[in-house]
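> Here it is, the structure in full.
Residue numbers (our numbering): 192 to 513.
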């Protein structure tokens, strides 16, 4: 049996360590305007400045994204705060890393004109996508009005189909987003009942990793966050140039910079200061904790899951608080 001398062993260890550090960080996202700054970070070299190689992968369905995350096929997934909770269970745990974007009018409820308040939705037919952020949004708003999802007649359909169904007068109300919010409120029978500009922090996209990846690649995830902040700062200073970069990168139905800019008007990107406020600290968690609590309560109410978790145990506070 050959003897591996100390200096050879040290060299091998160094090579293996370098290889591990050089492994690309694989991040999966759906086609959404909120993820555009990731492509600014790529285009402007912010990932490289932070010593990262990042592979951006489009995975539209969270039912594909989270199993891939759990299996180690990707390192980071981006999705809404509530969506993560649908995939907790058994030995699998995830961590919220930082916030990317928040809906500020891009989501909402259109309703018939005689429905003047959320309380008026009781007994009405409401179209929304079950198991999605639309259901979460509706559930939280109904709770605030003293109602629950059981108090409305739900019609399960995608957000776009929900908007189209409302315009065609097949339902009394719909939880949807643009362009169907505008089409719904412009229809002769409709108006905008409420939109997400009144509930900041409720529909928020976040970067998510497994607990294991968060521990093993903490430095890389911290670098990813720094690159994100640089990209958001660039977007603020150069909105037109940023829209062109983001539209090309995100692609799909958002590949036209004009369409991208129009859609972007319904969201806000989280910069460094906003992230520190939203995430908070281990001793004083920010508004994300309330959003998690709302999602847990709703999941229990509708029977999606029965989790016993506290928000703080799911948040990697040190990514934002470096």
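Glycine included, C-beta positions come from ideal geometry on N, C-alpha and C.
#1: Would you grab the beta carbon distance between residue 425 and residue 231 for me? Rounded to a whole angstrom, and I think it's under 8 Å.
#2: Could you say if the segment 237 to 246 and the segment 215 to 223 meet the contact criterion of at least three C-beta pairs nearer than 8 Å?
#3: Starting from residue 512, follow the alpha helix (DSSP H) in both directions and report where the run begins and ends.
#4: Between residue 322 and residue 255, what straight-line distance do the alpha-carbon atoms span, to the nearest angstrom?
#5: Could you tell me the boundaries of the beta strand (DSSP E) in which residue 485 lies?
#6: Since residue 450 and residue 293 should fall inside the 8 Å C-beta cutoff, what is the C-beta to C-beta distance between them, to a whole number of angstroms?
#7: Residue 494 to residue 316, Cα distance in whole Å?
#8: Following the continuous beta strand (DSSP E) through residue 217, name the residue where it begins and the one where it ends.
#9: From residue 239 to residue 410, what distance separates their C-alpha atoms?
#10: With burial defined as no fewer than 16 other Cβ atoms inside 10 Å of the residue's Cβ, what is the status of residue 211: buried or exposed?
#11: Shorter than 8 Å from the beta carbon of residue 250 to some beta carbon of chain C?
#12: Since I believe residue 367 is in contact with residue 353 (beta carbons under 8 Å), could you give me their beta-carbon distance rounded to a whole number of angstroms?
#13: Do you know whose CA, among 507, 224, 434 and 433, lies nearest residue 469's CA?
#14: Using DSSP with H/G/I as helix, E/B as strand and the rest coil, what is residue 515?
#15: Run the CB neighbour count on residue 419, radius 10 Å, all protein chains shown included, and call it buried at 16 or more, exposed below.
#16: Shortest alpha-carbon distance to residue 475 belongs to which of 364, 221, 512 and 455?
#17: In this structure, does DSSP put residue 365 in helix, strand or coil?
#18: Ignoring anything shorter than 4 residues or poking outside the segment 433 to 473, list the alpha helix (DSSP H) runs there in chain order.
#19: Got a sec, what are the start and stop residues for the alpha helix (DSSP H) residue 335 sits in?
#20: Name the DSSP bridge partner or partners of residue 283?
#21: Within 10 angstroms of its Cβ, does residue 446 collect 16 or more other Cβ (buried), or is it exposed?
#22: Return the Cβ separation of residue 388 and residue 296 in integer angstroms, given the expectation that the two are a contact with Cβ distance under 8 Å.
#23: Which residues bound the beta strand (DSSP E) around residue 375?
#24: Looking at the unbroken alpha helix (DSSP H) that takes in residue 528, where does it start and where does it end?
#25: Can you list, in chain order, the residues of its chain whose CB lies under 6 Å from that of residue 303, leaving out five sequence neighbours each side?
#26: According to DSSP, is residue 394 helix, strand or coil?
The structure says:
#1: Rounded, the Cβ-Cβ distance is 5 Å, consistent with contact.
#2: Taking 8 Å as the limit for Cβ pairs, the verdict is that the segment 215 to 223 does touch the segment 237 to 246.
#3: DSSP places residue 512 outside any alpha helix (DSSP H), giving it a letter other than H or E.
#4: In a straight line, the C-alpha of residue 322 is about 14 Å away from that of residue 255.
#5: Boundaries around residue 485 are those of the alpha helix (DSSP H), 479 to 493, since no beta strand (DSSP E) includes it.
#6: The beta-carbon separation of residue 450 and residue 293, rounded to 20 Å, does not stay under the 8 Å limit for a contact.
#7: Whole-angstrom Cα-Cα distance: 21 Å.
#8: Residues 216 to 220.
#9: Rounded to the nearest angstrom, the two C-alpha atoms are 14 Å apart.
#10: In this predicted model, residue 211 has a pLDDT of only 41, less than 50, meaning its place in the structure is not dependable enough to derive any value.
#11: The chain inventory of the structure shown lacks chain C, comprising one protein chain alone.
#12: Taking the Cβ atoms as the reference, residue 353 lies roughly 5 Å from residue 367, within the contact range of under 8 Å.
#13: Each of 507, 224, 434 and 433 was checked against the Cα of residue 469, and the nearest Cα belongs to 507.
#14: There is simply no residue 515 to check, as the chain begins at 192 and stops at 513 in what is shown.
#15: So residue 419 ends up on the buried side.
#16: Residue 475 has its Cα closest to that of 512, out of 364, 221, 512 and 455.
#17: Of the three classes helix, strand and coil, the one that applies to residue 365 here is strand, per DSSP.
#18: Counting whole runs of 4 or more residues, the segment 433 to 473 contains the alpha helix (DSSP H) stretches 448 to 455 and 463 to 470.
#19: It spans 324 to 335 - the alpha helix (DSSP H) in which residue 335 sits, taken as one unbroken run.
#20: Within the DSSP bridge table, the entry for residue 283 names 280 as partners.
#21: Residue 446 should be labelled exposed.
#22: So it is a contact: roughly 4 Å between Cβ atoms.
#23: DSSP places residue 375 outside any beta strand (DSSP E); the residue lies instead in the alpha helix (DSSP H), whose first and last residues are 371 to 377.
#24: The question about residue 528 has no answer, for the chain in this structure spans 192 to 513.
#25: Taken in chain order, the residues that qualify are 363 and 380.
#26: Residue 394 falls in the coil class under three-state DSSP.
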